[in-house]
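Undergrad: Protein sequences appear in the order of chains A and B.
For the first sequence, position 37 (counting from the first letter as 1) is numbered 37 according to this note's numbering, and the numbering increases by one without interruption.
Here this note's numbering = 1-based position in the second sequence + 1000.
Each residue gets a CB set at the ideal place from its N, CA and C atoms; glycine is no exception.
No experiment lies behind these values; they were computed from the predicted model shown.
Quick one: the structure is below, and I'll ask about it shortly.
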Amino acid sequence: MEKIISFTLKIWRQNGPKDKGHFDTFQMKDIPGDTSFLEMLDILNEQLVSEGKEPVVFDHDCREGICGMCSLYINGHPHGPATGATTCQIYMRRFNDGDTITVEPWRSAGFPVIKDLMVDRSAYDKIMQAGGYVSVNTGAAQDANAILIPKTAADEAMDAASCIGCGACVAACKNGSAMLFVSAKVSQLALLPQGKSEAARRAKAMLAKMDELGFGNCTNTRACEAECPKNVSISNIARLNREFIKAKLKD
Amino acid sequence: MWLSNSSIGRKVVMSVTGVALVLFLTFHMSMNLVALFSEDAYNMVCEFLGANWYALVATVALAALFVIHIIYAFWLTMLNRKARGSERYAVSQKPKSVEWASQNMLVLGIVVILGLLLHFANFWYKMQFAEIIGDHFLGEFGPTDGAAYIAYTFGCPVYVVIYLVWLLALWFHLTHGFWSAMQTFGWSNKIWFERWRIIGNVYSTLVVLGFAVVVVVYFFKSLC
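In structure tokens:
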């Protein structure tokens, strides 16, 4: 039997980065359990538009958990109550009839609110531009046996590369630190031969950019990896620390 | 200087001073255990460590470690609160894998400092400090009669409770601090993370138990 629920939505409204925000409350009636969280917000917005009110602004794009655009801090968790899933992969059947669902934007000095639930995550792009690439052209895909890469290294690099840069780690972190993101982006290249040669320069440049943009200092609370929709591990942070300290000791 | 102007550098300073302080605690704890076996031997240790030049040099180095660790702790907390932004979440839930200690290291550290001040008043002021200024009658006993001071302090149940609470705070502080330091040094991965955590828990438990057993034994001795 399909679950159909009615619930209260408490949604953060804010007109701009300088504006003092507040919560708006909406009653949602008879929402089918198979509705995704973002579809539910679409339903809300259509109601608001038809009533002549301003719709709620929120980020979204692919709606299949790979683009990293959706954000939303739902009931005290980035990307909501599920683990290993983005907001767009949450379905309303997770919630119960009569619930109050609180939806907030990512809150961090590094991610200022643009409007309502949408935050400016271009700081991540700036960190990537600081060194999250290989500067040599590696050409077309080569024969798999030309450069042998251990399976364990390849697996770890792939796990690090699964980071979609959504910013949930910063949103979850009590220190507003972007270490999980930076470490994943450093690791995905440092583990592979094409990226290894620039590993030291990359770690230094990306970390310096992260510090400059006002993200916090990692205190190893592990909230980031617990909330990461892609289950990126803090072992990447250890690798970033290692690369950075080694690079600094060599200087 | 990367140890002050990069986030990892600042954490490295916390880790190095933290690990050094753990080593000091280990040494201090082993010294205390001597009192359980022989009070004369314990007083010999007190004499050996009094106001001799090597003890003073070590004390100054130790004080520097403490001061650096504490200053960095407040500095990091300030930076992190700023990075967190002014707006707080209305609803927030702690994920299961997040240790309580890891989010309260500063509070636990402050409890440790408060306990330390009491400890200075109970022991250090009457022992090493009395020797340094050459006034041997600051306390109830001679400055090298450590065993008498232990018996005197832990004969009082209020001090026993305060010291045990202090040690509990220290235990929480160490269980997070130990593996966190290794993680900051980069000496960790998926396998070693679990190992460091277990090693850290066992080690901090042993150190704290070593301290606590002296307190408890002397309390029961005072009852008889």
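Taking only the alpha-carbon atoms, compute the straight-line gap between S1015/B and R1088/B and give it to the nearest angstrom.
TA: 29 Å
Undergrad: Tell me whether N175/A is buried or exposed, calling it buried when 16 or more other Cβ atoms sit within 10 Å of its Cβ.
TA: buried
Undergrad: Can you have a look at H22/A and say buried or exposed, based on whether 16 or more other CB atoms are within 10 angstroms of its CB?
TA: exposed
Undergrad: Can you check whether the C-beta of A1020/B is within less than 8 Å of a C-beta belonging to chain A?
TA: no
Undergrad: What is the DSSP secondary structure of S108/A, counted as helix, strand or coil?
TA: strand
Undergrad: Note down, in chain order, every chain A residue with its Cβ under 9 Å from the Cβ of F1185/B.
TA: What F1185/B touches in chain A: A238, N241, R242, I245.
Undergrad: Between the beta-carbon of V1160/B and the beta-carbon of F1219/B, is there less than 8 Å?
TA: yes
Undergrad: Taking one C-beta from the segment 108 to 115 of chain A and one from the segment 88 to 99 of chain A each time, how about it: are there three or more such pairs within less than 8 Å?
TA: no
Undergrad: Looking at C-alpha atoms only, which residue of I31/A, N75/A, K151/A is the closest neighbour of K10/A?
TA: N75/A
Undergrad: Mind checking which residues open and close the alpha helix (DSSP H) that includes W1166/B?
TA: 1157 to 1185
Undergrad: Using only the alpha-carbon positions, how far apart do M1001/B and G65/A sit?
TA: 41 Å
Undergrad: Distance, Cα to Cα, A178/A vs W1171/B?
TA: Between the alpha carbons of A178/A and W1171/B lies a gap of roughly 29 Å.
Undergrad: Closer than 7 Å by beta-carbon distance: list the chain B residues that pair up with H77/A, in chain order.
TA: Q1093
Undergrad: With 8 Å set as the bound, which would you pick, yes or no: does the beta-carbon of D211/A sit closer than that to a beta-carbon of chain B?
TA: yes
Undergrad: Tell me where the beta strand (DSSP E) around K115/A begins and ends.
TA: Segment 113 to 115, the beta strand (DSSP E) holding K115/A.
Undergrad: Which one of G1139/B, A1073/B, G1186/B has the shortest CA to CA distance from N1104/B?
TA: For N1104/B, the closest alpha carbon among the candidates G1139/B, A1073/B, G1186/B is that of A1073/B.
Undergrad: If we count the other Cβ atoms within 10 Å of its Cβ and call it buried at 16 or more, is T25/A buried or exposed?
TA: By the neighbour-count criterion, in which a residue is buried when 16 or more other Cβ atoms sit within 10 angstroms of its Cβ, T25/A is exposed.
Undergrad: Is the beta carbon of K248/A less than 8 Å from the beta carbon of C163/A?
TA: no
Undergrad: Count the other C-beta atoms from every protein chain shown that fall within 10 angstroms of the C-beta of P193/A, then say buried if there are 16 or more, exposed otherwise.
TA: exposed
Undergrad: Within the 8 Å Cβ cut-off, does M1105/B reach chain A?
TA: Answer yes: the Cβ-Cβ gap between M1105/B and chain A drops below 8 Å somewhere.
Undergrad: Could you please tell me which residues of the segment 99 to 116 of chain A, in chain order, have their CB closer than 7 Å to any CB of chain B?
TA: T102, E104, R107, S108, A109, G110
Undergrad: List in chain order: all unbroken alpha helix (DSSP H) runs of 4+ residues lying wholly within the segment 158 to 221 of chain A.
TA: 168 to 172, 179 to 190, 193 to 196, 199 to 212
Undergrad: Can you check whether the C-beta of Y91/A is within less than 8 Å of a C-beta belonging to chain B?
TA: no
Undergrad: Just how far apart, CA to CA, sit G1009/B and K209/A?
TA: 14 Å
Undergrad: Please classify G16/A as buried or exposed, where buried requires at least 16 other C-beta atoms within 10 Å of its C-beta.
TA: exposed
Undergrad: For chain B, find out if any of its Cβ atoms is closer than 8 Å to the Cβ of A208/A; answer yes or no.
TA: yes
Undergrad: Classify M118/A as helix, strand or coil using the three-state DSSP reduction.
TA: DSSP places M118/A in the strand class (E or B) of the three-state scheme.
Undergrad: Below 8 Å between beta carbons: does that hold for V1112/B and H1173/B?
TA: yes
Undergrad: Give me whichever residues DSSP pairs with K10/A in a beta bridge.
TA: T25/A, T102/A
Undergrad: Show which residues of chain A have a CB atom less than 9 Å away from the CB atom of S1004/B.
TA: Neighbours of S1004/B on chain A: none; closest Cβ ~11 Å, over 9 Å.
Undergrad: Per the contact definition of three or more C-beta pairs closer than 8 Å, is the segment 1077 to 1088 of chain B in contact with the segment 202 to 217 of chain A?
TA: yes
Undergrad: For chain A, find out if any of its Cβ atoms is closer than 8 Å to the Cβ of E1194/B; answer yes or no.
TA: Chain A places no beta carbon closer than 8 Å to that of E1194/B, leaving this residue out of the contacts.
Undergrad: Mind checking C62/A: buried by the 16 CB within 10 Å criterion, or exposed?
TA: exposed
Undergrad: Assuming V1098/B and A226/A are in contact, meaning their beta carbons sit under 8 Å apart, how far apart are those beta carbons, in whole angstroms?
TA: Right, their Cβ atoms sit about 6 Å apart.
Undergrad: Put S36/A into one of helix, strand or coil per three-state DSSP.
TA: strand
Undergrad: If you draw a straight line from the alpha carbon of K1221/B to that of G1146/B, how long is it in whole angstroms?
TA: 16 Å
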